[in-house]
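In UniProt numbering, the protein residues as written are 1 to 384. Backbone N, C-alpha and C fix where the C-beta goes; we use that ideal spot for every residue, glycine too.
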Ligand code: NAD
Ligand code: MG
């Protein structure tokens, strides 16, 4: 029986994780759930799953949640500090980081320092501070289990191979809704078009990142830290059907891949249940439904965000932190119709050029870099 805390239980990953827990009551117990502002759903989840503690990050919603759960045997907290303390609770074995963005960094660090196993969906944490976070995981003897489908695929391919060096990994990318578009066409795309992903239903931020290929850029950096790879060992291939979730090539030239229908419940369940593969009734893949699996080069000239991510990884230090902060600000501006699709890349590129470079950042350096990159990105956006 694993006792689970879910940071971000009201989101796309969070709600699917709850489905997995509900379907496997003999394997999992829900200890903690947290949300940013969806108090109604958080309350509903607490009534159904009866966790030990709930946290609503927005403090102005505290009373609403507390009053609704008055009759229940559940502790109710509010605020970002509470997010960091609930992950340390003695009754928690594993923390699923399913919140979005930089806000996941601090609670993830606190969970690692408390010796909790991590099921990591929040890729931004490893993009911002991969060296620090993976170093801490080693120091505290904590495993980080990937939830991102590509990284889960790689992790599954590595089972039984941990003594064999990796030659390279190949991350697959769907290419998003704008695959094949020209720069001129991308200048015209709307928020509504960008929010329609062909294969996956996800939160708004990652859906925009998928349309701009920034998601793949973040995943490249995430993979570097998760699997301890050199930059040149990571390749991206566009595979529009999203059936092959990623591949590993070993030193004898052999390649292993993991396949399945695009359904995040599978990687979530694998991370929560590891080393067990739990039975599921998820729809099964059939080759006859997909007579053609196809592959193409990513278009790095048109989708500049992916190139910017490679550049940031190459420079290292706090560059990926700058990339992430500028991207978070640019995406939320795009979602408010304040910048165009291509202007997001301009904002990120400018922040990478202007925010001071730090080769070996401390935690405090990441905090100040994030702040400065956000300030600069917001200033640029206000001029559009
Ligand atoms: P989402 O927007 O659907 O949900 C985000 C969750 O985080 C919500 O519960 C929200 O309340 C909470 N949250 C947001 N901001 C917060 C803050 N500042 N403080 C506290 N809580 C906050 O997002 P999602 O699509 O579920 O993605 C979550 C993470 O998982 C992201 O890092 C994303 O990149 C990653 N991921 C998602 C998918 C997917 O299929 N959705 C796939 C792979 C990786
Ligand atoms: Mg992914």
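For residue 77, the uninterrupted beta strand (DSSP E) run begins and ends at 75 to 78, by DSSP. According to the DSSP assignment, residue 20 belongs to the alpha helix (DSSP H) that extends over 12 to 23. Distances between the C-beta of residue 161 and the heavy atoms of the ligand MG are all 7 Å or more.
Residue 122 holds the alpha-carbon nearest to the alpha-carbon of residue 268 among 194, 355, 122 and 191.
In the three-state scheme derived from DSSP, where H, G and I count as helix and E and B as strand, residue 319 is classed as helix. In this structure, the C-beta of residue 219 approaches the ligand MG to less than 7 Å from one of its heavy atoms. Secondary structure of residue 267 (DSSP, three-state): helix. Residue 381 sits buried, since 16 or more C-beta atoms from the chains shown fall within 10 Å of its C-beta.
Within its own chain, the residues whose Cβ lies closer than 6 Å to the Cβ of residue 205, once the five positions on either side in sequence are excluded, are 100 and 331, listed in chain order. Relative to the ligand MG, the beta carbon of residue 149 is positioned inside 7 Å of a heavy atom.
Within the UniProt domain "DXP reductoisomerase C-terminal" (259 to 375), the alpha helix (DSSP H) runs of at least 4 residues that lie entirely inside it are, in chain order, 265 to 273, 304 to 315, 319 to 335 and 343 to 354. Counting C-beta pairs closer than 8 Å gives fewer than three between the region 320 to 338 and the region 261 to 276, which falls short of the contact rule.
Remark: C-beta atoms of residue 245 and residue 150 approach each other more closely than 8 Å. Cα atoms of residue 37 and residue 308: separation of roughly 32 Å, rounded to the nearest angstrom.
If you check the C-beta of residue 172 against the ligand NAD, you find no heavy atom less than 7 Å away.
Per DSSP, residue 179 lies in no alpha helix (DSSP H) segment and is marked neither H nor E. The closest heavy atom of the ligand NAD lies 7 Å or more from the beta carbon of residue 214. For residue 218, the closest C-alpha among the options 31, 171 and 299 is that of 171. Counting the other CB atoms within 10 Å of its CB gives residue 8 a total of 16 or more, which places it among the buried residues. Runs of the alpha helix (DSSP H) lying entirely within the region 37 to 115, each at least 4 residues long, are 39 to 49, 62 to 68, 80 to 86 and 105 to 113 in chain order. Assigned with DSSP and collapsed to three states, residue 256 falls in strand.
In the three-state DSSP reduction, residue 34 falls in the strand class (E or B). Where residue 238 is concerned, the enclosing beta strand (DSSP E) starts and stops at 234 to 238. Beta-bridge annotation (DSSP): residue 6 is paired with 33 and 96. Linking residue 43 to residue 63 through their CA atoms gives a straight-line distance of about 12 Å. With distances taken between CA atoms, residue 209 lies nearest to 335 out of 335, 354, 296 and 361. CA-to-CA, the gap between residue 6 and residue 96 works out to about 5 Å. Burial state of residue 28 is buried, judged by a 10 Å Cβ sphere holding 16 or more other Cβ atoms. Assignment of residue 248 by DSSP, reduced to helix, strand and coil, places it in the strand class. One thing to note: residue 137 has its Cβ within 8 Å of the Cβ of residue 144. Between the alpha carbons of residue 342 and residue 328 lies a gap of roughly 15 Å.
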